[in-house]
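Just so we're aligned, residue 3 is where the sequence shown starts under this note's numbering, counting upward by one.
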Amino acid sequence: MADESIQVAELGWLARDALIETRGRARVVAALARSAYLEAGVTLIWIGAAGSPLHGRAIVAGRPLPPSLPDEMMLDVTDAVVWRPDDDPTAIDAATVAEAARSLLTRLGEAGTPDGFATLLTGGVLGFPFDRAAPAGRALAAASHDEDTDAATRAADELIGLGPGLTPAGDDFVGGVFFARARLGPPDSRERWRAAGEIVCARARQSTHPISAVLLADLVAGRGHAPLHDLARGFALAAPPITLLDAARRLVRIGHSSGWDMLAGFLAALVPPRYWHTGCSPL
Numbered sequence: 003m004a005d006e007s008i009q010v011a012e013l014g015w016l017a018r019d020a021l022i023e024t025r026g027r028a029r030v031v032a033a034l035a036r037s038a039y040l041e042a043g044v045t046l047i048w049i050g051a052a053g054s055p056l057h058g059r060a061i062v063a064g065r066p067l068p069p070s071l072p073d074e075m076m077l078d079v080t081d082a083v084v085w086r087p088d089d090d091p092t093a094i095d096a097a098t099v100a101e102a103a104r105s106l107l108t109r110l111g112e113a114g115t116p117d118g119f120a121t122l123l124t125g126g127v128l129g130f131p132f133d134r135a136a137p138a139g140r141a142l143a144a145a146s147h148d149e150d151t152d153a154a155t156r157a158a159d160e161l162i163g164l165g166p167g168l169t170p171a172g173d174d175f176v177g178g179v180f181f182a183r184a185r186l187g188p189p190d191s192r193e194r195w196r197a198a199g200e201i202v203c204a205r206a207r208q209s210t211h212p213i214s215a216v217l218l219a220d221l222v223a224g225r226g227h228a229p230l231h232d233l234a235r236g237f238a239l240a241a242p243p244i245t246l247l248d249a250a251r252r253l254v255r256i257g258h259s260s261g262w263d264m265l266a267g268f269l270a271a272l273v274p275p276r277y278w279h280t281g282c283s284p285l
């Protein structure tokens, strides 16, 4: 056990609830270069330094993390700011959302150099080991636009677990699609997509990394990183392009390509494949 507790500056509501239950105790399950995945009781959470993106499970430390973390630690959340997404019910206009998504896609190059599954939307070629995943990616997008949940689960099966690391790129792409359906899909179809997402998550628990399976389940339930929530809200409210680009830039900084993969899935669910490959040039 660490000799002293780590002061927490900000954290998500799920992390806060878990740490209250354990009285601040958490166990390291995977240490990364600048962050670590933890368990507080049975709840997966993670900790990063200042500037780390928020999420329901995220903890932002009040000072730089030590280069080596103990196996167990104490986290002091007494003065921490609790983050919860601003997802107040908003009437969703499908045409407004579609126009915002297409507009962002045409300017995607302004968010950075598209990576991972984002290259599928911008006319690039998916590199190994994703080069054979393009048909499944397009099929999942088409299923979203056709309201075909059976086709969506079949396509998702081909993508889950695809890629290296704790959160494979295929999982992030699939999660982005289902997050879009949960937050911006027609209200009368959300229950069907939630049920389809639960089927995908049940299979994912057998075929991908346990950490990724938890994060995928969050996305299916409409819980993601703060920039993804900001994008969804921005689309619903017809936010200015500069606001959407800011959220996209913050999103794509997550992980090696995780942010790009989530953004790709999110946009693929909202922009039909016939509108892809626009060259990502400014409007």
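Positions of the beta carbon are idealized from the N, C-alpha and C atoms, including for glycine. It should be emphasised that the depicted structure is a prediction, and the values quoted were computed from it without experimental measurement.
query: What are the residues that DSSP puts in a beta bridge with tyrosine 277?
result: Here residue 277 refers to the residue found at position 275 of the sequence shown. DSSP output for tyrosine 277 lists no bridge partner at all.
query: For the beta strand (DSSP E) that serine 146 lies in, which residues bound it at each end?
result: Within the sequence shown, the letter at position 144 stands for residue 146. Premise fails: serine 146 lies in the alpha helix (DSSP H), 136 to 148, not in any beta strand (DSSP E).
- prompt: Is DSSP giving glycine 50 helix, strand or coil here?
  reply: Counting from 1 along the sequence shown, the entry for residue 50 is found at position 48. Three-state result, glycine 50: strand.
field: contact_flag[the segment 119 to 136, the segment 270 to 280] where n(CB pairs < 8 Å) is 3 or more
entry: yes
message: Restricting to Cα atoms, I'd like to know which of Gly199, Ala228 and Leu218 is closest to serine 146.
response: Numbered from its first residue, the sequence shown carries residue 146 at position 144. Taking only the C-alpha atoms, the option nearest serine 146 is Gly199.
query: How about phenylalanine 315 and leucine 230: do their beta carbons lie closer than 8 Å?
result: Because residue 315 is not part of the residues shown, which for the chain are 3 to 285, the question remains open.
message: Rounded to the nearest angstrom, what separates tyrosine 34 and glycine 129 at their Cα positions?
response: On the sequence shown, position 32 is the one that residue 34 refers to. On the sequence shown, position 127 is the one that residue 129 refers to. Note that residue 34 is leucine in the sequence shown here, rather than tyrosine. Rounded to whole angstroms, leucine 34 to glycine 129 spans 25 Å at the Cα level.
query: Over what stretch of residues does the beta strand (DSSP E) that includes serine 37 continue unbroken?
result: Position 35 of the sequence shown, counting from 1, holds the residue named residue 37. 37 to 42 is the span of the beta strand (DSSP E), which, as asked, contains serine 37.
Methionine 264 versus Arg194, Phe237 and Gly226, residue with shortest Cα-Cα distance: Here residue 264 corresponds to residue number 262 of the sequence shown, with the count starting at 1. Of the listed residues, the one whose Cα sits closest to methionine 264 is Gly226.
Classification of isoleucine 22 by the beta-carbon crowding that lies within 10 angstroms, buried from 16 upward: Against the sequence shown, residue 22 aligns to sequence position 20. Exposed, because fewer than 16 other Cβ atoms sit within 10 Å of the Cβ of isoleucine 22.
- request: Counting only the same chain and skipping the five closest in sequence on each side, list residues whose C-beta sits under 6 Å from that of glycine 165.
  value: Translated into positions along the sequence shown, residue 165 becomes position 163. Closer than 6 Å at the Cβ level, and outside the excluded window around glycine 165, lie Ala171 and Gly172.
Minimum C-alpha distance to alanine 38 - residue among Asp19, Pro66, Trp15 and Thr24: On the sequence shown, residue 38 is found 36 positions in, with the first residue counted as 1. Among Asp19, Pro66, Trp15 and Thr24, the Cα nearest to that of alanine 38 belongs to Pro66.
query: Since glycine 14 sits in a beta bridge, which residues does DSSP pair it with?
result: Here residue 14 refers to the residue found at position 12 of the sequence shown. DSSP lists Trp85 as partners of glycine 14.
message: To the nearest angstrom, how far is the alpha carbon of glycine 163 from that of glycine 178?
response: Translated into positions along the sequence shown, residue 163 becomes position 161. Translated into positions along the sequence shown, residue 178 becomes position 176. Distance between the alpha carbons of glycine 163 and glycine 178 is about 15 Å.
message: Between valine 31 and chain C, is the shortest Cβ-Cβ distance under 8 Å, so that the two count as touching?
response: No chain C appears in the structure shown, which is made up of a single protein chain.
message: Quick test of the definition: if touching needs 3 or more C-beta pairs under 8 Å, does the segment 232 to 250 touch the segment 178 to 194?
response: yes
message: At 4 residues or longer, what runs of the alpha helix (DSSP H) sit wholly inside the segment 170 to 212?
response: 171 to 186 and 192 to 209
- request: Could you tell me the distance, in whole angstroms, from the CA atom of arginine 134 to the CA atom of leucine 161?
  value: Numbered from 1 along the sequence shown, position 132 holds the residue referred to as residue 134. Numbered from 1 along the sequence shown, position 159 holds the residue referred to as residue 161. Roughly 10 Å separates the two Cα atoms.
- prompt: Going by C-alpha distance, which of Leu46, Leu56 and Val10 is nearest aspartate 81?
  reply: Walking along the sequence shown from the start, residue 81 turns up at place 79. Closest option to aspartate 81, Cα to Cα, is Val10.
field: Pair within 8 Å by beta-carbon distance, alanine 153 and alanine 270
entry: In the sequence shown, the residue the question calls residue 153 occupies position 151. In the sequence shown, the residue the question calls residue 270 occupies position 268. No, these two residues do not count as a Cβ contact at 8 Å.
task: Give me the Cα-Cα distance between arginine 86 and leucine 13, rounded to the nearest whole angstrom.
output: Working through the sequence shown from its first residue, we reach residue 86 at position 84. Working through the sequence shown from its first residue, we reach residue 13 at position 11. If you take the alpha carbons of arginine 86 and leucine 13, they lie about 9 Å apart.
query: Do valine 222 and alanine 103 have their CB atoms nearer than 8 Å?
result: Working through the sequence shown from its first residue, we reach residue 222 at position 220. Working through the sequence shown from its first residue, we reach residue 103 at position 101. No, the Cβ-Cβ distance between valine 222 and alanine 103 is not below 8 Å.
task: Identify, in the order they occur along the chain, each residue of the same chain with its Cβ nearer than 7 Å to the Cβ of arginine 29, setting aside the five sequence neighbours on each side.
output: Numbered from 1 along the sequence shown, position 27 holds the residue referred to as residue 29. The answer, listed in chain order, is Leu40, Glu41, Asp73 and Glu74.
message: Which residues does DSSP list as the beta-bridge partners of leucine 77?
response: Here residue 77 is taken as the residue at index 75 of the sequence shown, counted from 1. According to DSSP, leucine 77 bridges with Ile8.
message: What does the alpha-carbon distance come out to for the pair aspartate 150 and phenylalanine 180?
response: Residue mapping note: residue 150 aligns to position 148 of the sequence shown, counting from 1. Residue mapping note: residue 180 aligns to position 178 of the sequence shown, counting from 1. If I take the Cα positions, the gap works out to 13 Å.
task: Put valine 30 into one of helix, strand or coil per three-state DSSP.
output: Taking the sequence shown and counting its residues from 1, the one referred to as residue 30 is at position 28. In the structure shown, valine 30 sits in a strand (DSSP, three-state: E or B).
- request: Measure the CB-CB distance between alanine 97 and alanine 60 and report whether it falls below 8 Å.
  value: Working through the sequence shown from its first residue, we reach residue 97 at position 95. Working through the sequence shown from its first residue, we reach residue 60 at position 58. Result no, Cβ atoms of alanine 97 and alanine 60 do not sit closer than 8 Å.
- request: Using 7 Å as the cut-off, classify the Cβ of arginine 25 as near or not near the heavy atoms of the ligand SAM, replying yes or no.
  value: This structure lacks the ligand SAM; in fact it carries no ligand of any kind.
query: With DSSP run on the structure shown, which of helix, strand or coil describes leucine 285?
result: Within the sequence shown, numbered from 1, the residue matching residue 285 stands at position 283. Because the pLDDT at leucine 285 is just 35, under 50, the model does not fix this residue reliably, and the value given afterwards should be weighed accordingly. If DSSP states are grouped into helix, strand and coil, leucine 285 belongs with coil.
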